[in-house]
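Residues 258 to 553 (this note's numbering) are what the sequence shown spells out, left to right.
Think of the CB as a built atom: it goes at the ideal place given N, C-alpha and C, for glycine as much as any other residue.
Here the structure comes first, spelled out in structure tokens, and everything after it is commentary.
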Amino acid sequence: MTAKKTVSLALGSGGARGMAHIGVIHWLREHNYQITAIAGSSVGALVGGIYAAGKLDLYENWVKALSKSDVLQLLDFAYSRAGLFSGDRIMQKLKDMLGDATIEDLPISFTAVTTDLDNGREIWINKGSLFDAIRASIAIPSVFTPVKYHGRVLVDGGVLNPVPIAPTLREVSDLTIAISLSGKEVPQEELFPKKKKEARPETKYQRAIGNFIESIGQRWNHNEQHEEKTDMVDVMTRSIESMQNTIARFKLAAYNPNYLLEVPANACAMFDFDRAAELIDLGYNLMDDMMKRSGK
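This is the structure we're talking about:
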């Protein structure tokens with residue numbers, strides 16, 4: 258039997274689009290690759306950390322069963338100027354379901370990338386509680402409240418490093434594969450040719466909250482038609498995404514992974530975790546297409 262090629266994975270930030278990371282991991286496992294190191298920003302830290310802990314199958318089964326209403330129920334309003342949601346309910350659900358782990362004890366080298374808000378520095382967390390590291394990495398500015406961690410105020414790692422390749426360089430592996438979730442936009446019918454719209458029963462309250470969350474996600478992903486009128490959230494989210502895309506290009510040019518997979522930025526809105534199944538398939542298919550084109 259051919260020896261497995263070892264892979265270092267850099268998993269990028271991008272909300273629910275990060276479910277495509279799961280599809281990429283499936284492809285690698287099915288094609289005789291061994292993942293030996295993972296670095297992740299935001300949702301990349303979430304998926305990567307859960308995989309490193311050996312719990313990805315359990316998480317995948319759970320997230321694929323989520324409805325839009327389930328997603329809404331996991332978003333606990335913070336009633337704070339620091340962010341719309343506290344994130345406590347999501348993290349507690351994950352802890353209850355998956356348990357916690359110490360990063361040093363994981364069988365795979367893992368780093369969660371965060372941003373030190375006070376000092377404007379990139380922080381790599383590779384020790385201590387796995388879920389504390391994940392919570393710090395997913396703290397999207399203005400969406401989730403920042404995290405106080407060892408005397409620092411931390412926010413989303415994607416602010417300074419949307420596709421974190423550098424933390425994987427200390428590990429020796431055959432290949433480095435980076436997954437960006439901010440790729441060139443593609444028509445939805447090309448991304449999801451078999452998609453069928455299904456009506457979901459919702460209460461008026463759920464529909465109102467859902468529309469509110471969806472509007473935030475759409476602004477984050479530029480899925481809305483351009484309008485002359487803009488608002489503070491629109492300006493803020495577009496600015497952050499533009500900044501992240503620019504930083505990602507510089508980081509990728511500096512570290513030059515063996516393979517770069519780009520998931521289209523318009524694949525879904527930020528909170529579309531109820532679409533996990535099709536996003537996982539998308540990641541798998543994009544990875545398969547890329548590797549076939551490369552002759553692998």
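Can you check DSSP and say which residues form a bridge with Trp381? Counting from 1 along the sequence shown, the entry for residue 381 is found at position 124. In the DSSP output, where bridge partners are listed per residue, Trp381 has Val370.
Assuming contact is defined by CB atoms lying nearer than 8 Å, are Thr371 and Ala393 in contact in what I supplied? Along the sequence shown, one-based indexing puts residue 371 at 114. Along the sequence shown, one-based indexing puts residue 393 at 136. The answer is yes: Cβ separation under 8 Å.
Per-residue DSSP class, three states only, for Leu561: No statement about residue 561 is possible, as the shown extent of the chain runs from 258 to 553 and does not include it.
Which of helix, strand or coil does DSSP assign to Pro241? Since the displayed the chain opens at 258 and closes at 553, residue 241 lies outside it and no answer follows.
Of the residues Ser399, Glu446, Arg427 and Val416, the one placed nearest Thr293, counting alpha carbons only: Taking the first residue of the sequence shown as position 1, residue 293 is located at position 36. Residue Arg427 is the option with its Cα nearest to Thr293.
Range covered by the beta strand (DSSP E) that runs through Phe401: Locating residue 401 in the sequence shown gives position 144, counting from the first residue. Unbroken beta strand (DSSP E) run through Phe401: Ser399 to Phe401.
Ignoring anything shorter than 3 residues, give me the beta strand (DSSP E) runs that lie fully in the region 260-302, in order along the chain. 262-268 and 290-298
Helix, strand or coil at Ala335 [DSSP, three-state]: Against the sequence shown, residue 335 aligns to sequence position 78. If DSSP states are grouped into helix, strand and coil, Ala335 belongs with the strands.
Alpha-carbon to alpha-carbon, Asp373 and Leu285: To locate residue 285, count along the sequence shown from 1; it is residue 28. To locate residue 373, count along the sequence shown from 1; it is residue 116. Approximately 33 Å, taken between the alpha carbons.
Cβ contact check for the region 522-529 and the region 311-318: 3 or more pairs under 8 Å: no
Rank Ala369, Glu535, Leu303 and Met547 by C-alpha distance to the C-alpha of Leu323 and give the top, closest one. Translated into positions along the sequence shown, residue 323 becomes position 66. Here the closest residue by C-alpha is Glu535.
How many Å lie between Ile391 and Asn383 at the Cα? Within the sequence shown, residue 391 is the residue found at index 134, counting from 1. Within the sequence shown, residue 383 is the residue found at index 126, counting from 1. In a straight line, the C-alpha of Ile391 is about 11 Å away from that of Asn383.
Which residues in the same chain as Ile395 place their Cβ atom closer than 8 Å to its Cβ, once the five residues preceding and following it in sequence are excluded? Looking up residue 395 in the sequence shown gives position 138. The residues are Ser299, Val300, Ala302, Leu303, Gly344, Phe401 and Asp413.
Answer with buried or exposed for Phe507, where buried requires no fewer than 16 other C-beta atoms within 10 angstroms of its C-beta. Residue mapping note: residue 507 aligns to position 250 of the sequence shown, counting from 1. If you draw a 10 Å sphere on the C-beta of Phe507, you find fewer than 16 other C-beta atoms in it, and that means exposed.
Does the distance from the CB of Tyr512 to the CB of Ala423 come in under 8 Å? What you label residue 512 is simply residue 255 of the sequence shown in a count that begins at 1. What you label residue 423 is simply residue 166 of the sequence shown in a count that begins at 1. The answer is yes: Cβ separation under 8 Å.
Drop a sphere of 10 angstroms on the beta-carbon of Asn418, count the other beta-carbons inside from all chains shown, and report buried for 16 or more, exposed for fewer. Sequence index remark: in the sequence shown, residue 418 carries index 161 (1-based). Asn418 is buried by the Cβ-count criterion.
Nearest-angstrom Cα distance between Glu519 and Ile360? Within the sequence shown, the letter at position 262 stands for residue 519. Within the sequence shown, the letter at position 103 stands for residue 360. Spanning the two alpha carbons is a distance of roughly 28 Å.
By the 10 Å Cβ neighbour count, where 16 or more other Cβ atoms means buried, how is Thr503 classified, buried or exposed? In the sequence shown, residue 503 corresponds to position 246, counting from 1. It is exposed - the Cβ of Thr503 has fewer than 16 other Cβ atoms within 10 Å.
Can you give the beta carbon distance from Ile537 to Ala358, rounded, assuming they're within the 8 Å contact cut? Translated into positions along the sequence shown, residue 537 becomes position 280. Translated into positions along the sequence shown, residue 358 becomes position 101. Not really, about 23 Å apart at Cβ, beyond 8 Å.
Considering only DSSP beta bridges, list what Pro424 is partnered with. Counted from its first residue, the sequence shown places residue 424 at position 167. Beta-bridge pairing links Pro424 to no other residue.
Start and end of the beta strand (DSSP E) containing Leu517? Residue mapping note: residue 517 aligns to position 260 of the sequence shown, counting from 1. Where Leu517 is concerned, the enclosing beta strand (DSSP E) stretches over Tyr516 to Pro521.
For Asp389, tell me which candidate among Thr425, Thr433, Lys441 and Lys405 has the shortest Cα-Cα distance. Taking the sequence shown and counting its residues from 1, the one referred to as residue 389 is at position 132. Taking only the C-alpha atoms, the option nearest Asp389 is Lys405.
The alpha helix (DSSP H) that contains Lys405, what's its start and end? The residue you call residue 405 lines up with position 148 of the sequence shown. Here Lys405 belongs to no alpha helix (DSSP H); instead the beta strand (DSSP E) covers Val404 to Tyr406.
Where the alpha helix (DSSP H) through Glu317 begins and ends: In the sequence shown, counting from the first residue as 1, residue 317 sits at position 60. Counting along the chain, the alpha helix (DSSP H) containing Glu317 begins and ends at Leu313 to Lys321.
Identify every residue that forms a DSSP beta bridge with Ala435. In the sequence shown, the residue the question calls residue 435 occupies position 178. According to DSSP, Ala435 bridges with Ala267 and Leu517.
Determine the direct distance from the alpha carbon of Ser270 to that of Trp381, and round the result to whole angstroms. For the purposes of this step, residue 381 is taken as residue 124 along the sequence shown, with counting starting at 1. For the purposes of this step, residue 270 is taken as residue 13 along the sequence shown, with counting starting at 1. Each residue's alpha carbon lies about 15 Å from the other.
Rounded C-beta distance between Arg346 and Asp333? I'm assuming under 8 Å. Along the sequence shown, read from residue 1 onward, the residue named residue 346 stands at position 89. Along the sequence shown, read from residue 1 onward, the residue named residue 333 stands at position 76. About 4 Å; that satisfies the 8 Å criterion.
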